[in-house]
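Colleague:
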Amino acid sequence: MQTLDDWALTAGVFLPVAGVILMLFVPREREAVHKMVALVTSLATMAVGVFIATRFDYDDGNLQFVVDRSWIPVINSRYLVGIDGISLPLLLLSMFITVLVIVYSWDHFPSPVNPKAFLMLILVLEVGMNGTFVAQDLILFFVFFELVLLPMYFMIGVWGGENRQYASIKFFLFTLFGSALMILGFLALYFLGGETFSIPRLIESASGAISHDTQLWIFAGLFMGFAIKVPMFPFHTWLPDAHTEAPTQGSVILAAILLKLGTYGFVRIAIPVLPDAAVTFAPWIGLLAVIGIIYGALCCLAQTDMKRLIAFSSVAHMGFVMLAIATLTELGINAAVFGMVAHGLITGMLFFVAGSIKDRLHTLQISRLGGLLVTAPRMMWIFGFCSMASLGLPGLAGFWGEFPAILAAYSPAVELSTPLFRGYMVVAALGTVLAAGYLLWLYQRAAFGAPRDEELATHMTDMGRTEYLAWAPILLLILVLGVFPSLLFGVTNDAARAVVAAIPG
Amino acid sequence: MVLQNAFFGMLAALAVVSALRVVTTRNVVHAALYLVMVLASVAALFVLLAAEFVAAVQILVYVGAIVVLFLFGVMLTRAQIGADLDLDNGQRGLAALVALVLGGTLTWALIDAFGDDKLPELSDADVAARGVRPVGDAIFSTYLVPFEVVSILLLAALIGAIVLARRD
Amino acid sequence: MLVNQFLLLGAALFCIGVYGVLARRNGVLVLMSIELILNSVNINLIALAGLHGNTAAVTGQVFALFVITVAAAEVGVGLAIVLLIYRNRRSVSLDDIDLMKG
Amino acid sequence: MLDHIWVIPLVTFVSFWLIIAVGKRLPRGGSEIGVAALGLALVLSTVAAVQWVDQEKVPSHEPAATADAGHGAEAEAGHGAEAESEAGHGAEAEAGAEAGHGAEAEAHPAIRESVEHNYQWWSSSSFTVMVGTHVDGVTVALLFVVSLISFLVHIFSTNYMEGDKRFTHYFAFLSLFTTGMYVLVVSSTTLQMLFGWELMGLCSFALIGHWWEEKANTDAALKAFLTTRTGDVGLLVGITILFWIAGTFNIAEINEKALAGDLPQTALLVAAIALFAAVIGKSAQFPLHTWLPDAMAGPTPVSALIHAATMVVAGVYLVIRLYGVFWEAFDIGAGGVNLIAATGGFTILMAAALAFVQRDIKKVLAYSTISQLGYMVMALGVGAWTAALFHLFTHAFFKALLFLGSGSVSHAVHSFDMKKDMGGLRSHMPVTFWTFIIGSLALAGFFPFAGFWSKDEILLGAGSNGYEFFLVVGLVGAFMTTMYMTRCVYLTFFGEYRGHGHPHESPAPITVPLVVLSVFSVLVGLINSPWLFGGEWFGHTVENEVFELAGVPVHEFSPAYALVSTAVVVVAFAIGYVLWFRQKLPSGVTERSSIARAGYALLANKYYLDVLYTDIIVGNLKRGVAAGAYWFNRVVLDGIVNGVGTTARVVGDGVYRFVDRGLIDGAVNGSGITADASGGALRRLQTGRVQQYGIMLFLSAALLALGLVIFTS
Amino acid sequence: MTAFSTPHLDYLAIAPELGLTAALVAVLLVDLIWEDRARRWIPTLTGFGMLAALVPVLVMARDGADRVLFGGAFVVDDFALVNKALFLLAAYVVVLLSTDYVADADVYEGEYYLMLLSSVLGMLVMASARDLISIFVALELLSIPAYLLAGWRKRDLRGNEASLKYYLLGVFSAGVMLYGMSLVFGLVGSTKLVEIGEALRDPAGPSPLIVIGVTFTLVGFLFKISAVPFHSWAPDTYEGAPTPITAFLSVASKAAGFVAILTLVFVAFPGRSEVWTPMFWLLAVLTMTVGNLIALRQTNVVRLLAYSSVAQAGFMLVPLAVARDLPQAQDAIQAVVTYLLVYAVMNLGAFAVVMVVAAKTGSAERSSFGGLFERSPGLTVAMTAFLFSLAGIPPLGGWYVKFLVFRSLIDAGTVAAVVLGVIVAVNSVIALYYYASVAREMWMRPAPDGDLSPVRATPSLAAAVILCAGVTLLVGVLPNLLGHLGEVATFALG
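Heads up: the protein sequence lines correspond to chains A, B, C, D and E, in order. When the letters of the first sequence are read in order and numbered with our numbering, they come out as residues 3 to 507. When the letters of the second sequence are read in order and numbered with our numbering, they come out as residues 671 to 838. When the letters of the third sequence are read in order and numbered with our numbering, they come out as residues 729 to 830. When the letters of the fourth sequence are read in order and numbered with our numbering, they come out as residues 32 to 744. When the letters of the fifth sequence are read in order and numbered with our numbering, they come out as residues 162 to 655.
As structure tokens, then:
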């Protein structure tokens, strides 16, 4: 078992590579083979994830499944992987979403149809995503963090909508800029924090070794890298474009996993390694977060395109996650991780539905929709369900992303200004109203009434088999997590405590 | 000493004036001939500095080979043998400015560095120790690698120049 | 004799050479100006070598010899290129050569 | 049953899924499942109620089982059946148990010990969040009334909604809605209440928008959801604050601590105000009441269930449940005036006035509901806790009756417009007519109908607890209520029939619930009469720990109040009779008097609040602020560097191409343009002339050397 | 007057150079004797010559001993070995690139490889040269054949122009360099770099003449690496020269320039860092910024790669801008050498793909790359890998060297270094834009003229592409492979 444990994470990360290599040698014309290979690979990866989940010790807040091998001795960087309660849910989410995206792809290949390339990109993406969640070495983290850029760039750029080239390069440049500053921060940590890239060791040594002023600079670098990825206001402008133009699968992965890399970076690296700087930055992060909540919601109200609206809603939702993180409390971190998973599932689902509508109608102009509940009742029921989840209806997963964030904001870490955060709390709570507003308004315009464009309505059909297959697990999970939040809180709790261990209160 | 200085003054003046004519004359062939004057003056200066072998090589290689090469070049490119108004381009002013900036900088730095430093007086032994033989020894021991490299360089330049220049 | 007599002469030749290579339009004349620059280097080498004793003086001479040799090769190659261009364009004016820019 | 009260919400929840899953394939479209489930729930609720009544009362001053002396016992009792609590509850219980509270001087009757079960939901190292059930008199009363009315509404709907294309969905949502209400009622924690609360909001949204083909209906649904959700911000904030100051979500504990004075007063006040905002939203109090009349767009049974009997009273229920918090925060015991009473009182009059100008029978009832909710809120504000609950209880019956009656009418005339399509229906629909009359009498508060008893208690409480002003308000409200109901009854059932076709009495599934409800409307008030069942039976049954701990004053039935209120009602009826039945309405009063005209306009336009909300606030959000924010997004944020780029455009010849390709917005674009333009400018250095390159080379070398010389010296 | 003493020769130490000379002679003779019949064997012979010369390099690398010849004028240390291997392998790839290109073009074939071999020989010598004369001569040996090769397509006016510009500016800069060397030599009295290094360790500030000497000496090599403002030849020459030669210039020749700069800076001028650190700082900023900005505007991929190579030189200069004296400077050397290695691989790969495409479409304009993904997915993926590797995106090799650059900056930790770091970050973003523009053309734009026939590489080009792509990816995932070489590339001092 020990051997299996040692290899589990590595397998969970790199198994998709095997699929990619296999597909490389299969001629492009044999689409069925490609689909099977991709599905089997992703399922196998998921199986590894399940194995990890069963072997995981949920009462241990430390890293588990740790593997520490030499990687780049020249720069003292090691292949150091491991997971704790924060990584595990996100890792599983990533594996899970990948499987579903591949299932969904079965008969939803975007034009130009090229299953081989498309599926290979998805698998490569999975490597990057899974890797980011298990990496415990800054350089390893960085490599995985960046690994997702290329596949996503091509996914948007090749298979995206009309404005895809612009959107893809914008996404790419934005994130690259952030990560360039981030790597500067990593290096500063290395040199000032004890000549190591190991995150656990830096957590022990860095904050003691680095002066507060320097910490601030380093944190600023990391902040840029992560905040752009989240994305936080005002670094969000790439997101609506990327989401709007990306193919459905791209949007789903982007929303469900990629945005989480940024918030995960805060939780995994920025805060535990630089707790003092985090305390200084937290009010500002909180401010940007609540601005994001309101701003994203307001922008949603102004949208005319369904996907773009959902994209802006991501800005708002990630604002809740960031607000939770900014409280620097255990509850906040728990809430943030829950928020990440919930947002991943819910917004991913919303994008799935939006994609399926676009697939049939070739437009998502809200003004041209309407009456979809007549033409595709099941799909719109699901959309309504997800809207409700997204606006934070208790009993569904979204609630546990929002409410604990609000709860945490009332009582932030002791070194933070309580009145300030209580102000944030109220603003965030107001954001929930706006969320209800734009989502229901969208639902009203898209689903209710009579079809506004009769010709368009004839193209609308209800759900197909792969849609059922791909969506049902997500819907179920949204409900289950909403009713049994301890499924997730129980996992994250110990690790969350470790994240803010160095922060008083 | 005075004699040396007088010689130096004469040669230097000759070199500078000829050099100026090289870059200003309107006749290509004249320019080549002025170049000969410069090279010869410099060779003479080498003698003043007790580097007779270098002086000899200077005459042989430069005057004997290079200038002849230039003259061939002038002929082969059918340059006007007489005065040619079109020898300069439009950026003489700028070129002069660059030269002056460079000259000013160098002059200032040289004076700053060496001021009134004198060249050492050489004994006969010194002269002998700087003669052909030690030079030869040096070339074939310490500088053997550069020497061999230069030989290949000449071979390559020769072949390459022929390839490019030949009419085919 | 002062060191600077020679060095300043070298600097002067250098600058004149620089002026020549920049202001002359005719390719052959540019090559000639290059020789002025190389000569100034040789003057420097020989003159300065004398300051540091006999070994250094020998080294200086050797250096100068290499410079002369390489200069010969360079001129040969340069003339070959100029000839090549002349053959293709019937001109040795450097001003005309600007097919590629930007 | 009391220990397993969770079965009740489970029944309807399962029913919801069953209807969704197989409803369409059943002969009655799933309605049979709903009816059966509600029947079962009604039985279970009744069993629970009976069990509760059978419970032994615990004398309030009996020494507690624990060693705590004196008042500690009350705290223990207030905490409920802590011995039965599950893991993790211990810590909270200890904290709660320490709180003692000085009992009011006057002796309280004994109360029954509430039954509470808590289970760990999720935990963090610093705290544990519990989930559980709490059963006391309030709970069983609510359970009973909810179950009964929901059951009747189900039956009513089987006929009323017959042939509807979303018949199955309708019943599914009814089940889900009932689940939500049950969850709210049985929850032991604030957090759980939030679940039920929002679940009802969702179902209300779905049911108001049931006929979503019409935009007006969906607008109403949206409005209802968003308005209540605006109030819910307060609920979120309030729950949060209470959680942090009391350290728990447990309602009983929060009440104990609040009443023990353990909580910081300011925070408590803020929390109470925040919670009250939620109450205002959900229970349609001024100024967030506007959604309720619009919500009449939903099917009439829905209005009866959700917008009369159950969901709208959730706010009132919240105050009843967390009365300790409100009592302490607003110092209700002190008399005078407070936010709750003022809001309730104002709402009574405002809504009653509006009810006069409606043509739509359901709108009349809607405003009436608002007005009656105002009574309940005011009752809570004046310290008449039992009265509020009792009014909630009775109102549920007669208002549901009235709504269903109006449904029956509309079933016959296919309209809700009293002035255009009704009149003279009394002969066509006798059952409906008589039941409606009973409901109206109950609402107006004629002796001995249900409304009389509960309203009388409210007035008594206001008068006795130092809130004399609100006594007057209550009387005026009663006066107005009687008048507008007189108008409503006249317009609907008397005079000439103005509609089309021949209206007929509705079938049994519709009339039977009407009859049942009218029986309740007549009788249910008696259970709290001073002369029956040992006197104020209802009050003694529902009184719980909060009531006791807070020391809510109890007052003897006062014939004086009863007489005054009866007189007011009779006078009002008399005036109304003259005005409408005898057509003595000063015709043309609005033409002749500008004040009257303005008043009418104000009322007809619902005080212009909707204009304020819809056009000004929402409209501006959509068009103004949101568009502004979006504009800010695109123009300012995206444009910062864009501006730089714009100026730089002249520099590069290729920039236009760049712009044409659509790269306009975005900070990145702007810098892209700048970069591109500078690239274009720099390209010009690359002239292609070798000697210019030479100049660059030599000059750079010279300047570099010179610069470094200067730099290093 | 001492008698002439025959210098002791360690033949193993000069075996790479000897091997290459032998190959050179062999090519000459084969071409001379068999003329046309041997034509197709000459590239093979040249390639084998390169690989054969690699053998002694590897032998010495295993041995590990530093070999000092000619009183320190010629040193074979790890630094030299790593770089010799780099030159030989890069040259080998260039031979692969050249094989079909030269055979198809109407040019002198045997002489072409002769020139190539001579130039590489000059580079090998450069790697070991530790005195001014050797460096000078090596520079000329690697340059002069390159000048000629640039104009090898004699009838092509652009080729002529490329050759002339390269030649003239090369000679100009050589003049400046020689002047600088004469000053350095004149002030110190020795041409041996080690001795110069000791003599220049003057605690007092440098005299202006030393500054000028150091600066001018370095100018010759800044020209070679095409640092702005000495870069102006590069785009024109790259565009006009035969594409394999462009690849050669942008990789091997640039590497040779860097090798010389590293040698001079860390052996001859380590004590004068106050002169060269600000210089390199300024030049690094200028080079990457100007290179990147102009590259944004290029539509010809070769020219784009030319400016990209200018910009890349800027990145490579960065570690020097913050380097300190040895032995701390080892990080800077490591960064630059590793960068050179990785850069060589990815840039050669990119040029190989350009050659394949240009051979098919007859143009290296960006538009002729349109729709390449449909026409030749493998080639497209490889080119994408090269481009994004150049941009520094993990997991492609380029990220590691960019990382090393950042690392050297943060290690220095000064304000100037951090400012430079931010500039580098911004430049990485700009660079990504134009690299991505080529990728975009290949993946997202239609093929020109709707021609969808597949693009196929000749065997030698395919070999080059596969080799480079494999290494690019491998190094990205396991950077230690080349990182280790960079780490061990130390100078033998003393």
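Think of the CB as a built atom: it goes at the ideal place given N, C-alpha and C, for glycine as much as any other residue.
Measuring straight from C-alpha to C-alpha, what distance separates R517 (chain D) and I142 (chain D)?
Modeller: Reading the sequence as shown, one finds Thr at residue 517 (chain D) and not Arg. Answer to the nearest angstrom: the Cα atoms are 41 Å apart.
Colleague: Unbroken alpha helix (DSSP H) runs of length 4 or more, entirely within the segment 383 to 446 of chain A: which are they?
Modeller: 399 to 412
Colleague: Just checking, does the segment 203 to 211 of chain D make contact with the segment 224 to 234 of chain D on the three C-beta pairs under 8 Å criterion?
Modeller: With the cut-off at 8 Å, the segment 203 to 211 of chain D and the segment 224 to 234 of chain D touch.
Colleague: Name the chain E residues that come within less than 8 Å of N816 (chain C), Cβ to Cβ?
Modeller: K315, R316, L318, N321
Colleague: Quick one: is A176 (chain E) buried, meaning 16 or more other Cβ sit within 10 Å of its Cβ, or exposed?
Modeller: buried
Colleague: Does any residue of chain E have a CB that is nearer than 7 Å to the CB of T743 (chain D)?
Modeller: yes
Colleague: Under 7 Å, Cβ to Cβ, is there at least one residue of chain D near T747 (chain B)?
Modeller: no
Colleague: Which residues of the segment 438 to 467 of chain A have a Cβ closer than 7 Å to any Cβ of chain D? Give them in chain order.
Modeller: A438, G439, L442, W443, Q446, F450, G451, A452
Colleague: Compare the C-beta of A799 (chain B) against all C-beta atoms of chain C and say whether one is closer than 7 Å.
Modeller: Taking Cβ atoms only, chain C reaches closer than 7 Å to A799 (chain B), which makes this a yes.
Colleague: In whole angstroms, give me the CA-to-CA distance for V746 (chain C) and A543 (chain E).
Modeller: If I take the Cα positions, the gap works out to 46 Å.
Colleague: Over what stretch of residues does the beta strand (DSSP E) that includes L509 (chain A) continue unbroken?
Modeller: No answer is possible for residue 509 (chain A): the residues shown for chain A start at 3 and end at 507.
Colleague: Could you have a look at M440 (chain E) and say whether DSSP puts it in helix, strand or coil?
Modeller: helix
Colleague: Which of helix, strand or coil does DSSP assign to F588 (chain D)?
Modeller: The answer is coil: DSSP assigns F588 (chain D) none of H, G, I, E or B.
Colleague: Need the endpoints of the beta strand (DSSP E) that M161 (chain D) sits in, please.
Modeller: Residues 158 to 166.
Colleague: Residues of chain C with CB under 8 Å from I809 (chain B), in chain order?
Modeller: V790, L793
Colleague: Tell me the DSSP bridge mates of F235 (chain E)?
Modeller: E:L230, E:A290
Colleague: Checking contacts by CB at 7 Å: is L400 (chain E) closer than that to chain D?
Modeller: In the sequence as presented, Leu is not what sits at residue 400 (chain E); that position holds Glu. Chain D, which has no Cβ nearer than 7 Å to the Cβ of E400 (chain E), makes this no.
Colleague: Would you mind telling me which residues of chain E sit closer than 7 Å to A751 (chain C), beta carbon to beta carbon, in chain order?
Modeller: Within 7 Å Cβ-Cβ: nothing; A751 (chain C) doesn't reach chain E, min ~13 Å.
Colleague: Could you name the residues of the same chain whose beta carbon sits closer than 7 Å to that of L353 (chain D), not counting the 5 residues immediately before and after it, in chain order?
Modeller: I282, I285, N286, L306
Colleague: So with CB distances below 7 Å, who are the chain B contacts of P168 (chain E)?
Modeller: S811, L814
Colleague: Please specify which runs of the alpha helix (DSSP H), each continuous and at least 4 residues long, are wholly inside the segment 391 to 442 of chain E, giving them in chain order.
Modeller: 394 to 401, 404 to 409, 415 to 424
Colleague: Would you give the residue range spanned by the beta strand (DSSP E) that V68 (chain A) belongs to?
Modeller: 66 to 74
Colleague: DSSP has R752 (chain C) in a bridge; who is on the other side?
Modeller: B:D758
Colleague: By Cβ distance below 8 Å, which residues in the same chain neighbour V349 (chain E) in space, the five residues on each side in sequence not counted?
Modeller: Sequence-distant Cβ neighbours of V349 (chain E) in its own chain, meaning closer than 8 Å and more than five residues away, are E356, I357, A360, L361.
Colleague: Can the beta-carbon of M460 (chain D) be found less than 7 Å from the beta-carbon of E527 (chain D)?
Modeller: no
Colleague: Does the beta carbon of L764 (chain B) come closer than 7 Å to any beta carbon on chain D?
Modeller: Yes - at least one Cβ of chain D is within 7 Å of the one on L764 (chain B).
Colleague: Quick one: grab the DSSP three-state call for N461 (chain E).
Modeller: strand
Colleague: Between the beta-carbon of T460 (chain E) and the beta-carbon of E526 (chain E), is there less than 7 Å?
Modeller: yes
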